Amino acid sequence: ETEPHEGKRKQESLWPIFKIHHQKSRYIYDLFYRRKAISR
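Each residue of the sequence shown is one higher than the last, beginning at 2 in the numbering used here.
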């Protein structure tokens, strides 16, 4: 009975990492896209 709850807690603890990774990749993509537009 405790396993599903444990799995949920594990996912919740991983959320901040996914959030940071998403922001990071988006920042890099934005930087790359803008640089491409400027160099044109």
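Beta carbons: idealized from backbone N, C-alpha and C, even for Gly.
None of the values given here were measured: they were computed from a predicted structure.
Considering only heavy atoms of the ligand PLP, does any lie closer than 6 Å to the CB of residue i?
i	result
Gln-24	No copy of the ligand PLP occurs in the structure displayed, which carries no ligand at all.
Taking only the alpha-carbon atoms, compute the straight-line gap between residue i and residue j and give it to the nearest angstrom.
i	j	result
Asp-31	Glu-13	27 Å
Arg-10	His-22	19 Å
Arg-1	Lys-25	One cannot answer for residue 1 here, as it falls past the ends of the chain, which runs 2 to 41.
Ile-29	Leu-15	21 Å
Tyr-34	Ser-40	10 Å
Phe-19	Arg-27	12 Å
Ala-38	Pro-17	31 Å
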